[in-house]
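Report on the following structure.
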Amino acid sequence: MQSAKIVTSGLVLRETETKEADKILTVLTPDLGKIALIARGARRRSSRIAAASQLLAYSELTVYKKGNWYMLDEASTRELFDGVRQDFACLSLASYFVELTEAVSGEGEESQQLLSLILNALYALGTLKKDPLQVKTAFELRLLALCGFEPLCDGCAVCGAEQPEAPVFDVVHGVVCCRECREEGGLAMPLSLGALAALQHILYCPPKKLYSFALDTPQLRLLGQAAEAFVATQLERSFRTLDFYKSILLPQE
Ligand SMILES: [Zn+2]
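The sequence shown lines up with residues 64 to 316 when you count with the numbering used here.
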């Protein structure tokens, strides 16, 4: 028996081709969380759900449940992020964003903030053409904060100094402190006062202001390295898509 239809919206984090002309999609929705969705006939050119069944498509979706699966019934595409798709480096970075999002989301979890975060990141990359390193750094830090890994960074976590002396970000303990105050067993990534101010902006600003901070390239690189180390340390894994993105950037550096 077919269960009741549910109308939601969702971003495709992964597409897998299956038998005949079908696809299995991994979709992040605000209310159902991350779901596995079967899109029947989505690989046929004439299919009404073809556009919505691609990686990075954000659409209004009508779904119903059949056993353990959600089935896609109807879809109306809202945003395809063409600006991201048309630029190979952008698309590679976006692939890391979706892999990271997939890693921290789960079925049945309320995911409105996470969905907004990744939609805004894709918009900042593809439409606003923001500096990819700025978008990546802010996205990683804010995403970790959303999933319960928010670092303590409103001063030195050890001596309490508001302006830590030569600040470092200890990505193991998830705290900022002075270089001299750092504790054993941590991994202290150097920051500057400007990078620390940007870190505080990223963690505490309203979501819409996430990318409105300015940092020169050397300081942005410091914060970027700290953010990347923070992700790898806290989530205890690496990301294939991140390794790939970095491999295509290397020749330009
Ligand atoms: Zn201190």
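Note that beta-carbon positions come from the ideal geometry of N, C-alpha and C, so glycine has one too.
For residue 233, the uninterrupted beta strand (DSSP E) segment begins and ends at 230–233.
For residue 129, the uninterrupted beta strand (DSSP E) run begins and ends at 121–129, by DSSP. Taking a cut-off of 8 Å for Cβ pairs, the segment 148–155 and the segment 280–299 do not touch, as fewer than three such pairs fall below it.
Contact annotation, residue 239 with residue 268: C-beta distance approximately 17 Å; criterion of less than 8 Å not satisfied. With the rule of 3 Cβ pairs closer than 8 Å, the segment 201–214 does not count as touching the segment 129–147. Closest in C-alpha terms to residue 274, from the list 161, 293, 145 and 186, comes 186. The three-state reading of DSSP puts residue 94 in coil, since its state is none of H, G, I, E or B. Rounded to the nearest whole angstrom, the C-alpha separation of residue 241 and residue 235 is 15 Å.
In the three-state reduction of the DSSP assignment, residue 135 falls in the strand class, which pools E and B.
Closer than 8 Å to some heavy atom of ligand 1: that does not describe the Cβ of residue 198. Across the set 272, 248, 159 and 87, the C-alpha of 87 shows the shortest separation from the C-alpha of residue 115. Going down the chain, each residue whose beta-carbon is closer than 6 Å to a heavy atom of ligand 1 shows up: 219, 221, 222, 224, 227, 240, 241 and 244. Assignment of residue 240 by DSSP, reduced to helix, strand and coil, places it in the strand class. Here the C-alpha atom of residue 83 lies approximately 40 Å from the C-alpha atom of residue 313.
Of the other Cβ atoms in all chains shown, fewer than 16 fall within 10 Å of the Cβ of residue 67; this residue is therefore exposed.
At a Cβ-Cβ threshold of 9 Å, residue 74 and residue 121 count as neighbours. The Cβ-Cβ distance between residue 92 and residue 109 does not fall below 9 Å.
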